Amino acid sequence: MNQVLKAAVVIVPILLVLLLLHACTGRDGRRWESKLQGYDPRAQLVEDSAELVVVASDPKWGRAAGRHALAYKRFLAARYGDLLGKGRDRRLLFLAFSTTEQMQRYHTDKTGDRTHPGGFHDPSRGAIFLSVESSISTIRHETVHLLMSESDRRDMRLSPWLIEGIPEAFSRVDPARPKIGPGIPETDREWVRTTYRRQRLDLHRLLTIEDYEVFWRDPERNYRDARSLVAFLLRTRPETFAEYLGYERRSETGRAKAFRELFRTADPRFGNELNAFLTEK
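Right, here's the structure in full:
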């Protein structure tokens with residue numbers, strides 16, 4: 010009898026905690042379902058567990074995409090945590106609208122930002138907002154954003170080329186073959202080679218864009234250049250890149266000058282290596 014009582018003393022509190030956790034997660038999942046339904050009537054709660062909440066209009070896609078984002082976040086934290094950060098050990102909220110336009114409307118209403126992102130994240134809630142139209146690279150891109158901003162809020166104040174270039178480069182990393190490559194899908198490689206053969210990456214222009222509004226005036230070019238520059242630095246100068254990232258986290262002034270000094274861009278070899286990397290076959 011005493012053994013039964015002792016076991017009960019241990020087991021009952023655990024069961025109460027689990028029941029409370031289940032009740033809280035259920036309410037949280039339903040709350041997000043209701044929020045999304047204000048913009049997307051088809052949104053539904055697909056998964057609500059201790060580690061993942063998924064609300065999406067397409068249950069099959071939402072469950073698979075949400076679980077991929079969670080696994081990818083853990084993979085990045087484990088393998089690249091020293092550079093990107095470890096994030097927070099909490100549930101991931103994966104919230105996907107039926108269309109990108111619905112997601113962008115929600116984004117504008119909640120933030121006042123009138124840019125048109127392919128997705129966005131909220132580190133205070135551990136949330137990723139996308140649409141079921143999102144590609145695998147977009148899912149990974151927003152996952153990198155979330156991991157970094159959860160780890161260090163200063164990462165939200167990095168230079169635009171770094172804020173977007175790091176997620177763009179890492180969104181092309183395959184967990185099965187983790188290697189920092191050119192950061193460019195093979196389907197785009199010939200187009201990118203041709204582009205950079207015709208016009209070199211304007212390093213000064215990219216480094217001196219300090220305002221997101223300016224960066225968004227030519228998103229195709231700026232995302233491409235940022236992704237390519239980050240991938241090049243990670244491939245050829247990873248230690249210096251980590252040192253420079255640390256500088257940007259500490260200081261919001263003198264960044265372009267610090268970049269030139271750390272990477273010795275006045276040396277012609279830097280530009281030649283960069284161009285060779287971008288046009289490599």
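Quick note on the numbering used here: the sequence shown kicks off at 10 and runs consecutively. Backbone N, C-alpha and C fix where the C-beta goes; we use that ideal spot for every residue, glycine too. The structure presented is a predicted model; accordingly, all values stated were derived computationally and were not measured.
First and last residue of the uninterrupted beta strand (DSSP E) at residue i
| i | result |
| --- | --- |
| A63 | One detail in the question is off: residue 63 reads as Val in this sequence, not Ala. That run of the beta strand (DSSP E) goes L61 to A65. |
| H130 | F129 to D131 |
Secondary structure of residue i, DSSP reduced to three states
| i | result |
| --- | --- |
| L30 | Because L30 carries a pLDDT of 46, less than 50, the predicted location of this residue cannot be relied on, and no value is offered for it. |
| D211 | coil |
| G192 | Bear in mind that a pLDDT of 43 at G192, under 50, signals an unreliable position, so the model cannot answer this. |
| H125 | coil |
| A52 | coil |
| A86 | helix |
| I175 | helix |
| L216 | helix |
| S237 | helix |
| D91 | helix |
| G38 | helix |
| E289 | coil |
| R295 | Because residue 295 is not part of the residues shown, which for the chain are 10 to 290, the question remains open. |
| A275 | coil |
| E142 | coil |
Residues sharing a beta bridge with residue i, DSSP
| i | result |
| --- | --- |
| D57 | V62 |
| L102 | V62 and A136 |
| D227 | BP columns for D227 are empty, so no partner. |
Residue from the options whose Cα sits closest to the Cα of residue i
| i | options | result |
| --- | --- | --- |
| A78 | K119, F103, T262 and D67 | F103 |
| D98 | R114, A285, R134 and H125 | R134 |
| R83 | R236, K266, P184 and K69 | P184 |
| L215 | R233, A59, T204 and T203 | R233 |
| W70 | S107, Y89 and Y221 | S107 |
| E7 | Y81, S168 and G121 | With the chain covering only 10 through 290, there is no way to say anything about residue 7. |
| L238 | Y221, P176, G96 and L93 | P176 |
| I172 | R236, R39, A59 and A65 | R236 |
| V223 | A59, L210, S168 and Y253 | S168 |
| E257 | A178, Q208 and D161 | D161 |
| K119 | K95, K44 and W225 | K44 |
| A285 | P228, V182, P247 and R209 | R209 |
| R114 | L139, T245 and G96 | L139 |
| Y253 | E142, Y221, E270 and T217 | E270 |
| T288 | R244, W225, T203 and F268 | T203 |
| T245 | A86, A136 and E282 | E282 |
| D67 | S58, A136 and S143 | S143 |
Residue i versus residue j - alpha carbon distance
| i | j | result |
| --- | --- | --- |
| D293 | V62 | The chain is shown only over 10 to 290; residue 293 falls outside these bounds and no answer can be derived. |
| V153 | R123 | 22 Å |
| M157 | G263 | 22 Å |
| A251 | R51 | 43 Å |
| G280 | T274 | 7 Å |
| I145 | L101 | 17 Å |
| R149 | W41 | 21 Å |
| S260 | Q53 | 43 Å |
| H116 | L212 | 31 Å |
| D131 | L155 | 7 Å |
| R72 | E60 | 13 Å |
| Y205 | W170 | 18 Å |
| P277 | R181 | 29 Å |
N-terminal and C-terminal residue of the alpha helix (DSSP H) that residue i is part of
| i | result |
| --- | --- |
| V153 | I145 to S160 |
| D118 | T109 to T120 |
| K266 | R264 to F272 |
| A251 | P247 to R259 |
| L167 | Premise fails: L167 is in no alpha helix (DSSP H) and is neither H nor E. |
| G47 | It is not in any alpha helix (DSSP H) - G47 carries neither H nor E in the DSSP assignment. |
Test: residue i CB closer than 8 Å to a CB of chain C
| i | result |
| --- | --- |
| R207 | Within the model displayed, chain C is absent; a lone protein chain is all it includes. |
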